[in-house]
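Read through the structure below, which is laid out as structure tokens, and then see the notes.
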Amino acid sequence: MAGDHIIDLKHVSKRYGDKVVLDDINLYIRKGEFVTLLGPSGCGKTTTLRMIAGFLAPDEGEILLDGKDISGIPPHKRPFNTVFQRYALFPHLDVYENIAFGLKLKKVPADEIEKRVKRVLKLVSMSDYEDRDVESLSGGQQQRVAIARALVNQPKILLLDEPLAALDLKMRKDMQIELKEMHKKLGITFIYVTHDQEEALTLSDTIVVMNEGRIQQIGTPIDIYNEPVNCFVADFIGESNILKGRMMHDRRVAFIKHEFDCVDEGFGEDVPVDVVVRPEDIYFTTDPARCQFKATVNSCVFKGVHYEMWVDTDTGYELMIQDYDPYEVGSEVMLYIDPDDIQVMHKERTRNVLEGKMVDETHVEMIGGVFECLPQAGLSAGDAVEVETTFEAVDLLDHQEDGVVSGEVHFLLYKGDHYHLTILTDDGYHLWVDTNDIWDKGDLVGVNIAPKDLKISRKNEA
Amino acid sequence: MKKFLAQAYIWILLILLYAPLVFIAIFSFTESRVMGNWTGFSTKLYANLFTGNMQGSSSLISAVENTLLIALVSALVSMLLGTIAAIGIHNLHGRKKQAISFLNNIPMINPDVITGVSLFLLFVFLHISQGYVTVILAHISFGTPYVVLSVLPKLRQMNPNIYEAALDLGATPSQALWKVLVPQLRPGMVSGFILAFTMSLDDFAVTFFTRGTIGLDTLSTYIYTDARKGGLTPELRPLMTLIFLIILILLIVINVRQAKAKKQFS
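Taken in order, these protein sequences are the chains called A and B. When we follow my numbering, the leftmost residue of the first sequence carries the number 1, and every step to the right adds one. When we follow my numbering, the leftmost residue of the second sequence carries the number 463, and every step to the right adds one.
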């Protein structure tokens with residue numbers, strides 16, 4: 001373990017009943033760092049923060065502070081302070097009393113308390129508000145008091161749980177800058193939880209992207225933005241074109257039915273991959289020599305600083321492009337992408353692999369339902385089997401009762417010419433589907449798979 | 463015409479509701495033993511009440527004292543138990559929470575007679591000699607659900623992170639309870655206390671079954687016995703008038719305070 005780690009999370013897991021909210025989290029945080037835990041709601045980021053604060057105990061794994069396990073230490077003895085979502089100020093106390101709360105408990109002498117409260121109020125630019133009732137303050141002011149109340153105790157780490165979520169956009173931007181400056185001035189470690197990717201990119205030294213209880217990627221904002229490791233990160237951080245591709249060989253990748261030079265190596269030859277191209281990295285050109293592919297502008301919307309355009313490529317894919325100059329809808333344009341701007345990612349999976357059990361020769365039970373299959377020679381009822389099926393083979397039906405099993409659309413990704421969906425079945429299984437139909441997140445669907453599309457093999461006993 | 467009828471309706475209703483009280487109040491200012499005979503204006507009954515110069519005065523005064531003592535002790539204990547229970551219920555989830563809340567409501571709708579008889583049987587079964595202790599225990603048992611019911615909404619309104627915020631700032635769990643949670647819940651606790659107190663004050667059935675045979679009387683059981691002995695002690699009339707006035711003033715004070723608090727909040 002390196003000496004500059006202040007916090008280490010080792011193999012931390014947490015369950016609520018059957019639901020795994022954190023799955024084997026490994027993370028370290030360096031002294032003085034501004035770390036952001038970023039992810040959609042329910043990804044486990046707040047749970048992680050609450051574990052560091054001590055309000056929750058991990059089911060497995062350990063949390064180290066300066067290399068020592070702090071699992072047994074209750075929250076009031078940990079040298080951290082928290083800025084809570086919606087502030088959690090004490091409404092029966094005024095601003096001064098709120099901030100002095102922690103110091104009074106520590107029996108700090110009264111004159112010392114006064115000095116420190118004044119100093120911290122100045123830091124958050126709330127000097128004249130000492131006697132105000134906290135409920136009479138605006139959201140932004142309450143936020144400052146909450147930060148002051150935490151900082152006055154001189155914590156080793158300041159934990160912030162979506163502190164700006166309740167503020168309006170303008171106020172949020174101002175507070176972001178102030179937080180960043182405070183962090184620089186104080187030099188203590190900040191651990192910040194948010195679902196706002198822009199906030200994370202603005203504030204952090206390090207971003208930890210989380211989804212469904214797992215860490216997806218850890219890196220600097222620039223790393224995370226430019227080199228997302230998977231589709232989730234690419235989609236969650238910023239706008240992106242995520243496309244199915246094929247790595248031809250080192251430094252050469254094919255997608256949207258064109259071949260491009262890229263800078264990635266080591267994927268092997270002729271390997272399916274996912275490709276991410278940021279909309280601001282597709283350039284217009286008038287020079288036929290530079291043109292890599294042609295497209296027709298489909299829509300063009302002014303977004304303030306830039307224009308956002310959707311184009312149809314000559315090979316039938318839709319791409320989003322951001323540019324400072326607008327191009328007329330319907331016009332044909334020539335486009336190119338720099339090799340540097342193509343991010344190639346390993347495919348997380350190329351097909352569904354499911355565990356099942358034979359019911360009889362032509363039926364297999366899996367993901368909570370019994371599916372019909374082609375007659376399986378050599379397999380008898382009760383045999384454990386592995387079932388493979390392609391993403392395209394899974395049929396989604398409007399009516400849940402029409403499917404063999406039912407579920408909901410859990411996550412969706414547009415890949416230029418089709419949607420890639422994650423279906424969460426009612427029994428908690430995941431299924432990945434490629435479809436041209438348009439579904440929304442949360443749609444309830446029935447799931448069916450044609451018998452010929454199920455590839456069944458005896459499960460290898462370990 | 464329609465308006466007149468609507469107005470008349472409310473007035474008739476109010477007269478029906480308040481006529482008995484007004485009647486007692488009026489006849490508290492005359493000396494006659496039998497209610498309904500006006501023998502001229504006098505404040506003698508009031509004087510008797512305060513000087514104790516009347517027949518059976520000592521037992522009336524001690525009944526009042528008992529009533530207040532029992533109400534005070536049982537309401538205080540109910541407030542403590544009910545608040546703790548409410549915090550517990552608030553932190554439960556799903557079906558368990560529903561079940562416990564439901565169980566909390568039953569004693570409030572259960573007829574007093576049944577509560578009284580069942581407590582009586584319980585005390586007999588447990589060989590607890592009946593008297594002050596059993597009456598107070600009984601009153602606590604029906605007062606606590608009211609406290610739970612008035613503290614729960616305060617918990618729901620509270621920012622859920624407040625308790626954790628106190629821990630986070632270095633408070634031990636018990637410090638967090640006293641310095642943060644209790645001040646937040648105080649209005650609910652106070653109204654729960656007042657409810658339990660008044661429920662105890664006017665309880666007859668439960669007291670009657672649990673007071674035993676040591677001659678313990680509260681105001682309600684005293685009046686019951688007194689009426690059966692033949693005629694009410696005339697001094698009860700000024701006493702009831704006074705109790706009514708005190709309650710009225712209390713209610714007005716509470717309402718005014720609530721209105722003020724609401725104004726401040728908005």
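Virtual Cβ for every residue (Gly too), placed ideally from N, Cα, C.
Could you tell me which chain A residues have their CB closer than 9 Å to the CB of residue i, listed as they occur along the chain?
{"i": "B:Q646", "result": "F90, P91, H92"}
{"i": "B:Q637", "result": "H76, L105"}
Identify the contact partners of residue i in chain B, using a Cβ-Cβ distance below 8 Å as the criterion.
{"i": "A:T82", "result": "E626, A627, D630"}
{"i": "A:R86", "result": "N621, N623"}
{"i": "A:A234", "result": "Simply none; closest approach about 33 Å."}
{"i": "A:N153", "result": "L631, G632"}
DSSP has residue i in a bridge; who is on the other side?
{"i": "A:W310", "result": "A:S299, A:M320"}
{"i": "A:K294", "result": "A:M334"}
{"i": "A:H430", "result": "A:L424"}
{"i": "A:G245", "result": "A:F255, A:V273"}
{"i": "A:A57", "result": "Answer is none; A:A57 lacks a bridge partner."}
{"i": "A:T285", "result": "A:M334"}
{"i": "A:E408", "result": "A:L424, A:L444"}
{"i": "A:T389", "result": "A:N352"}
{"i": "B:F503", "result": "B:T492"}
{"i": "A:S13", "result": "A:E60"}
{"i": "A:V413", "result": "Per the sequence shown, the amino acid found at residue 413 of chain A is Leu instead of Val. Partner(s): A:H420."}
{"i": "A:T36", "result": "A:Y192, A:I207"}
{"i": "A:Q457", "result": "It should be noted that the sequence gives Ser, not Gln, for residue 457 of chain A. Answer by DSSP bridge pairing, in chain order: A:E386."}
{"i": "A:I367", "result": "Answer by DSSP bridge pairing: none, since A:I367 is not bridged."}
Hey, would you say residue i sits closer than 9 Å to residue j, going by beta carbons?
{"i": "B:L647", "j": "B:L617", "result": "yes"}
{"i": "A:D196", "j": "A:L164", "result": "yes"}
{"i": "A:L396", "j": "A:V353", "result": "no"}
{"i": "A:Y414", "j": "A:H420", "result": "yes"}
{"i": "B:P607", "j": "B:G544", "result": "yes"}
{"i": "A:L93", "j": "A:V134", "result": "yes"}
{"i": "A:N230", "j": "A:M345", "result": "yes"}
{"i": "A:Y327", "j": "A:C291", "result": "no"}
{"i": "B:Q619", "j": "B:R673", "result": "no"}
{"i": "A:N298", "j": "A:V277", "result": "no"}
{"i": "A:L319", "j": "A:I237", "result": "no"}
{"i": "A:P75", "j": "A:A100", "result": "no"}
{"i": "B:L701", "j": "B:N528", "result": "no"}
{"i": "B:N566", "j": "B:A537", "result": "no"}
{"i": "B:A799", "j": "B:T683", "result": "For residue 799 of chain B there is no data in the structure shown, the boundaries of chain B being 463 and 728."}
{"i": "A:L38", "j": "A:T220", "result": "no"}
Mind listing the chain A neighbours of residue i? Cutoff is C-beta to C-beta under 7 Å, in chain order.
{"i": "B:A633", "result": "H76, L105"}
{"i": "B:V642", "result": "F90"}
Name the chain B residues that come within less than 7 Å of residue i, Cβ to Cβ?
{"i": "A:R214", "result": "The premise fails here: A:R214 is roughly 25 Å from chain B at the closest Cβ pair, so nothing lies under 7 Å."}
{"i": "A:F267", "result": "None at all; the shortest Cβ gap to chain B is about 47 Å."}
{"i": "A:A53", "result": "D630"}
{"i": "A:F101", "result": "L631"}
Which bits of chain B does residue i rub up against, with CB to CB less than 9 Å?
{"i": "A:R149", "result": "A627, L631"}
### Query
Which residue spans inside the region 60-99 of chain A form an unbroken beta strand (DSSP E) run of at least 3?
Taking only runs of at least 3 residues, the beta strand (DSSP E) segments lying wholly in the region 60-99 of chain A are 60-65, 80-83.
### Message
Which complete beta strand (DSSP E) runs does the region 117-172 of chain A hold, if anything under 3 residues is left out?
### Response
Segments of the beta strand (DSSP E) lying fully in the region 117-172 of chain A: 157-161.
### Query
Does the pairing of the region 219-228 of chain A with the region 69-85 of chain A give three or more beta-carbon distances under 8 Å?
Counting Cβ pairs under 8 Å, fewer than three are found: no touch.
### Task
Return the chain-ordered ranges of every alpha helix (DSSP H) run that is complete within the region 172-212 of chain A and spans a minimum of 4 residues.
If we require 4 residues or more, the alpha helix (DSSP H) runs fully inside the region 172-212 of chain A come out as 197-203.
### Message
Would you call the region 14-33 of chain A in contact with the region 54-61 of chain A, where contact means no fewer than 3 C-beta pairs closer than 8 Å?
### Response
Touching, yes, given that three or more Cβ pairs across the two stretches are closer than 8 Å.
### Message
Below 8 Å, how does it come out for the region 201-209 of chain A and the region 322-331 of chain A: are there three or more Cβ pairs, yes or no?
### Response
They do not touch, by the three-pair rule.
### Message
Does the region 33-42 of chain A come into contact with the region 182-192 of chain A, if we say contact requires no fewer than three beta-carbon pairs (one atom in each stretch) closer than 8 Å?
### Response
Result yes; three or more Cβ-Cβ pairs closer than 8 Å.
#### Entry: Segments of 3+ residues assigned as beta strand (DSSP E) that fall wholly inside the region 621-697 of chain B
Fully enclosed beta strand (DSSP E) runs of 3 or longer: not present.
### Query
For the region 575-622 of chain B, which segments carrying the alpha helix (DSSP H) assignment without a break, of at least 4 residues, lie completely within its bounds, in sequence order?
The region 575-622 of chain B contains these whole alpha helix (DSSP H) runs: 594-619.
#### Entry: the region 347-362 of chain A contacting the region 377-387 of chain A, beta-carbon criterion three pairs below 8 Å
In the pairwise beta carbon analysis, the region 347-362 of chain A is classified as touching the region 377-387 of chain A: at least three pairs are separated by under 8 Å.
### Message
With three or more beta-carbon pairs closer than 8 Å as the criterion, would you say the region 657-672 of chain B touches the region 529-549 of chain B?
### Response
The region 657-672 of chain B, when compared against the region 529-549 of chain B, does touch it at the 8 Å Cβ threshold.
### Task
Could you tell me whether the region 441-454 of chain A touches the region 398-409 of chain A, using the rule of 3 or more Cβ pairs below 8 Å?
Short answer: they touch.
### Message
Does the structure place the region 490-509 of chain B close enough to the region 687-698 of chain B that three or more beta carbon pairs sit under 8 Å?
### Response
As far as the Cβ criterion goes, the region 687-698 of chain B touches the region 490-509 of chain B, which means the pair count is three or higher.
### Query
With contact counted as at least three CB pairs below 8 Å, one residue from each stretch, are the region 629-641 of chain B and the region 575-583 of chain B in contact?
Three or more beta-carbon pairs separated by less than 8 Å are not found between the region 629-641 of chain B and the region 575-583 of chain B, which leaves the two stretches without contact.
### Query
Is the number of C-beta pairs between the region 282-290 of chain A and the region 332-349 of chain A that are closer than 8 Å three or more?
The region 282-290 of chain A, when compared against the region 332-349 of chain A, does touch it at the 8 Å Cβ threshold.
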